[in-house]
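Here the protein sequences come in this chain order: G and R.
At position 221 of the first sequence the residue is numbered 229 (this note's numbering), and the sequence of numbers has no breaks.
At position 20 of the second sequence the residue is numbered 28 (this note's numbering), and the sequence of numbers has no breaks.
Glycine included, every Cβ here is placed at the ideal spot set by N, Cα and C.
Heads up, the thing below is written out as structure tokens.
2 protein chains.
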Amino acid sequence: MSEVVPFGDRLAAAFAAYGRLCVGVDPHAGLLDAWGLPDSGEGVREFGLRVVDAAAGHAGIVKPQVSFFERHGAAGYLALERVLAEARDAGLVVIADAKRGDIGSTLAGYADAWLRPGSTLEADALTLNPYQGLATLLPVMEQAAAVGKGVFVLAATSNPEAQALQTAELRRSSRAGETIAAAMISGIDSWNRERPDAAQRTFGDAGVVIGATVDLPQMGVDPDAYGERPTLPVLAPGFGHQGGDTGSIREVFGPLAAGVIVNESRSILATGPDEIGETVRRRAGEVAELGV
Amino acid sequence: MSEVVPFGDRLAAAFAAYGRLCVGVDPHAGLLDAWGLPDSGEGVREFGLRVVDAAAGHAGIVKPQVSFFERHGAAGYLALERVLAEARDAGLVVIADAKRGDIGSTLAGYADAWLRPGSTLEADALTLNPYQGLATLLPVMEQAAAVGKGVFVLAATSNPEAQALQTAELRRSSRAGETIAAAMISGIDSWNRERPDAAQRTFGDAGVVIGATVDLPQMGVDPDAYGERPTLPVLAPGFGHQGGDTGSIREVFGPLAAGVIVNESRSILATGPDEIGETVRRRAGEVAELGV
Chain G
9 MSEVVPFGDR LAAAFAAYGR LCVGVDPHAG LLDAWGLPDS GEGVREFGLR VVDAAAGHAG
69 IVKPQVSFFE RHGAAGYLAL ERVLAEARDA GLVVIADAKR GDIGSTLAGY ADAWLRPGST
129 LEADALTLNP YQGLATLLPV MEQAAAVGKG VFVLAATSNP EAQALQTAEL RRSSRAGETI
189 AAAMISGIDS WNRERPDAAQ RTFGDAGVVI GATVDLPQMG VDPDAYGERP TLPVLAPGFG
249 HQGGDTGSIR EVFGPLAAGV IVNESRSILA TGPDEIGETV RRRAGEVAEL GV
Chain R
9 MSEVVPFGDR LAAAFAAYGR LCVGVDPHAG LLDAWGLPDS GEGVREFGLR VVDAAAGHAG
69 IVKPQVSFFE RHGAAGYLAL ERVLAEARDA GLVVIADAKR GDIGSTLAGY ADAWLRPGST
129 LEADALTLNP YQGLATLLPV MEQAAAVGKG VFVLAATSNP EAQALQTAEL RRSSRAGETI
189 AAAMISGIDS WNRERPDAAQ RTFGDAGVVI GATVDLPQMG VDPDAYGERP TLPVLAPGFG
249 HQGGDTGSIR EVFGPLAAGV IVNESRSILA TGPDEIGETV RRRAGEVAEL GV
């Protein structure tokens with residue numbers, strides 16, 4: 009059996025080699041049309057493979073948006089299996105953005121699909137939804153880490169509708185008084201810090217999702233509370249098209265900037281199949297030079 | 009174009025014809041083994057088709073647990089497409105238990121997969137996760153209702169790990185002071201009541217998920233707050249194997265009992281492929297006689 013490379017180490021290596029740009033793979037109907045591809049399983053396969061090809065060797069991370077493959081049912085999943093395999097073969101770190109959440113054996117089923125070595129849908133990390141309790145996710149986090157996989161738990165998202173729920177204050181919890189957004193970030197950060205090898209690691213194996221345009225203090229989150237050099241991976245969607253400005257990462261995320269994965273989807277994808285290679289190269293370089 | 013029958017009306021018709029039993033379709037590895045089926049796409053297809061066959065004509069509702077099909081990737085989804093189609097052809101009301109959640113066009117992609125007439129994964133209703141804000145789900149609820157489909161939004165779940173998040177109190181919301189569980193139930197109930205045809209309807213088209221063994225007052229939910237004859241569909245997993253007692257529905261849910269869908273999965277499925285037909289018949293009859 010080959011040695012397991014921890015997910016956090018793979019992330020650190022991707023940052024070192026290519027910087028922190030993560031290219032979204034979002035084949036929604038409008039983009040398929042703009043790319044001259046059919047709105048079908050075949051279309052999303054072609055789209056996904058071209059994005060992987062453009063990213064390989066220039067960016068370190070890709071994030072397929074599972075919804076746009078699931079739209080096409082089994083045919084879409086067959087396409088996604090191919091895209092995931094090609095991306096992993098190309099050495100990209102692959103984050104399946106599926107936002108799955110459940111409990112017990114049902115949640116374990118999702119983990120089995122996305123994080124089990126040898127699964128047809130195998131990715132390197134999976135986004136998770138904590139509505140049924142952060143503690144429900146812990147067994148999956150343990151199992152994922154044991155096989156070199158990671159998770160990103162939804163914490164503070166940029167969409168305005170999220171404010172009401174994510175700023176609610178815990179009452180019946182050891183984190184009473186914290187907002188949900190803060191409790192998710194603190195909970196995942198603590199989990200990373202309590203791992204046996206935490207002291208030797210640049211990044212933990214579990215991260216959070218925080219939107220690129222979130223106002224963290226408004227969400228009850230103090231970005232200075234996680235030390236001077238946090239080890240928390242932060243998947244940050246919303247750069248580019250959705251208004252996040254890579255120049256202000258340090259301002260928005262404070263010390264948490266250390267772990268920020270800059271996800272750009274539409275601003276890159278909208279340049280089209282002929283330009284995307286050049287766009288990825290340029291954006292990867294620009295993001296690498298930010299020096300956060 | 010044929011007339012659209014609202015989801016809530018289809019639910020009311022299923023209750024009238026067969027009672028409120030909903031048979032879970034949960035082909036997890038342990039059950040596949042017990043049934044003598046392979047842990048593969050073929051296995052979950054055979055399992056699902058046998059459960060549908062056992063339910064047809066005896067129960068009104070089935071709930072496939074998507075995780076156990078997704079475990080098998082595209083092959084699992086191909087099996088699920090077949091199971092969903094057979095269940096709908098048999099006249100069963102089919103609730104896809106996928107607990108999907110996201111925003112904007114990404115959430116719309118999930119709705120397209122599960123609730124669009126003609127989709128290969130077409131079901132009658134879909135479970136949704138509101139972590140990114142209940143308001144993110146409203147456009148999907150509108151679109152679903154327009155084509156005779158329904159949704160069930162996670163509100164108060166039975167697993168102990170859910171307490172911390174679901175009892176958090178809203179601060180920045182018109183429902184400030186309410187727990188998240190209560191706000192989800194009130195939000196969905198209000199949406200149903202504000203529909204143009206609300207006064208003529210037995211059930212609304214949007215429901216909630218409330219666990220069978222939840223202590224509603226402890227979750228900050230007053231079950232008497234929704235009128236004497238609520239129109240809110242309540243998908244209640246956790247009867248049978250997980251400890252929910254159908255005899256105490258009225259006690260647990262108060263007036264909300266009117267809309268309770270009694271979901272039983274393992275207690276029925278564990279009786280095996282030879283006994284399941286008889287088990288469904290017996291349980292459907294017992295649940296129908298509860299007279300809640």
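Comparing alpha-carbon positions, which option in the options lies nearest residue i?
| i | options | result |
| --- | --- | --- |
| A189 of chain R | R:G141, R:H80, R:A176 and R:E294 | R:A176 |
| D282 of chain G | G:L146, G:W43, G:G38 and G:F23 | G:W43 |
| M227 of chain G | G:V300, G:L129, G:L173 and G:F77 | G:L173 |
| G27 of chain G | G:L277, G:V270, G:A154 and G:I284 | G:V270 |
| A143 of chain G | R:T210, R:L129, R:G112 and R:P168 | R:P168 |
| A163 of chain R | R:Q151, R:M192, R:G293 and R:L178 | R:M192 |
| W122 of chain R | R:P138, R:E89 and R:V52 | R:E89 |
| G219 of chain R | R:P72, R:G252 and R:S256 | R:G252 |
| F211 of chain G | G:T287, G:G267 and G:F261 | G:G267 |
| A312 of chain R | R:A67, R:P125, R:Q140 and R:A104 | Any property of residue 312 of chain R remains undetermined from this structure, which presents chain R solely from 9 to 300. |
| L134 of chain G | G:V216, G:I111 and G:V31 | G:V216 |
| Y139 of chain G | R:S166, R:G16 and R:L243 | R:S166 |
| L285 of chain R | R:L45, R:E50, R:D41 and R:L57 | Strictly speaking, residue 285 of chain R in this sequence is Gly, with Leu absent from that position. Checking every option, the nearest Cα to that of G285 of chain R belongs to R:L57. |
| A170 of chain G | R:A170, R:R274, R:Q171 and R:R180 | R:R180 |
| E259 of chain R | R:P231, R:T239 and R:G246 | R:P231 |
| F77 of chain G | R:G81, R:F76 and R:S75 | R:G81 |
| F160 of chain R | R:G280, R:P147, R:A214 and R:A207 | R:A214 |
| L7 of chain R | R:A233, R:L264 and R:R291 | What the structure shows of chain R is the stretch from 9 to 300, and residue 7 of chain R is not part of that stretch, so it cannot be assessed. |
| T254 of chain G | G:E236, G:L243, G:L298 and G:L86 | G:L298 |
| T128 of chain G | G:A154, G:A152, G:S113 and G:E94 | G:E94 |
| A37 of chain R | G:T239, G:V70, G:A24 and G:D120 | G:D120 |
| A152 of chain G | G:L115, G:A184, G:E186 and G:D34 | G:L115 |
| L92 of chain G | G:D47, G:G117, G:A64 and G:A21 | G:A64 |
| E202 of chain R | R:A106, R:Y85, R:L240 and R:V52 | R:L240 |
| A265 of chain G | G:T287, G:R274, G:L224 and G:G248 | G:L224 |
| P72 of chain R | R:V148, R:G185, R:E130 and R:G195 | R:E130 |
| G84 of chain G | G:E54, G:A62 and G:L136 | G:E54 |
| R274 of chain G | G:V59, G:P46, G:A25 and G:A24 | G:V59 |
| R96 of chain G | G:R79, G:D61, G:A184 and G:I111 | G:D61 |
| F261 of chain R | R:V101, R:Y234, R:P14 and R:Q250 | R:Y234 |
| R289 of chain G | G:I69, G:A21 and G:D47 | G:I69 |
At which residues does the beta strand (DSSP E) containing residue i begin and terminate?
| i | result |
| --- | --- |
| N271 of chain G | V268 to E272 |
| L243 of chain G | V242 to F247 |
So who's on the other strand from residue i, going by DSSP bridges?
| i | result |
| --- | --- |
| P231 of chain R | DSSP, once it has assigned bridges, lists no residue as partnering P231 of chain R. |
| I69 of chain G | G:C30 and G:V101 |
| L134 of chain G | G:A104 and G:V159 |
| G252 of chain R | R:F247 |
List the endpoints of the continuous alpha helix (DSSP H) containing residue i.
| i | result |
| --- | --- |
| I257 of chain G | I257 to F261 |
| T287 of chain G | I284 to A296 |
| L57 of chain R | G49 to A63 |
| L45 of chain G | Element bounds for L45 of chain G: n/a, residue is neither H nor E. |
Query raised in the report: What residues in the segment 63-93 of chain R have a beta carbon less than 9 Å from any beta carbon of chain G?
Result: The segment 63-93 of chain R vs chain G, Cβ under 9 Å: Q73, V74, S75, F76, F77, E78, R79, H80, G81, A82, A83, G84, Y85, L86, A87, L88 and E89.
Report task. Please name the residues in the segment 174-189 of chain G whose beta-carbon is closer than 7 Å to at least one beta-carbon of chain R, in chain order. Result -> Contact residues of the segment 174-189 of chain G toward chain R are T175, A176, E177, L178, R179, R180, S181 and I188 (C-beta to C-beta distance below 7 Å).
Query raised in the report: What residues in the segment 206-222 of chain G have a beta carbon less than 7 Å from any beta carbon of chain R?
Result: none
Query raised in the report: Taking any Cβ of chain G, which residues in the segment 143-158 of chain R have a Cβ under 8 Å from it, in chain order?
Result: Only those residues of the segment 143-158 of chain R whose C-beta falls short of 8 Å from the nearest C-beta of chain G are listed: A143 and T144.
Query - Residues of the segment 122-137 of chain G whose Cβ lies closer than 7 Å to any Cβ of chain R, in chain order - result: S127, T128, L129 and N137
Query raised in the report: In the segment 151-222 of chain G, which residue ranges form an unbroken beta strand (DSSP E) of at least 3 residues, counting only runs that do not cross its ends?
Result: 158-164 and 214-218
**Report entry** Length at least 3, wholly inside the segment 74-115 of chain R: the beta strand (DSSP E) runs in chain order
**Finding:** 101-108
Requested in this report: With 7 Å as the C-beta to C-beta threshold (strictly closer), list the residues of the segment 101-114 of chain R near chain G in chain order.
Outcome: K107, G109, D110, I111, S113 and T114
Query - Near-chain R residues of the segment 275-287 of chain G - C-beta to any C-beta below 9 Å - result: none
Query raised in the report: Given a limit of 7 Å on CB to CB distance, which residues of the segment 11-38 of chain G reach chain R?
Result: So the list reads H36, given in the order they occur along the chain.
Query raised in the report: Which of the residues in the segment 241-274 of chain R, read from start to end, lie with their CB under 7 Å from any CB of chain G?
Result: none
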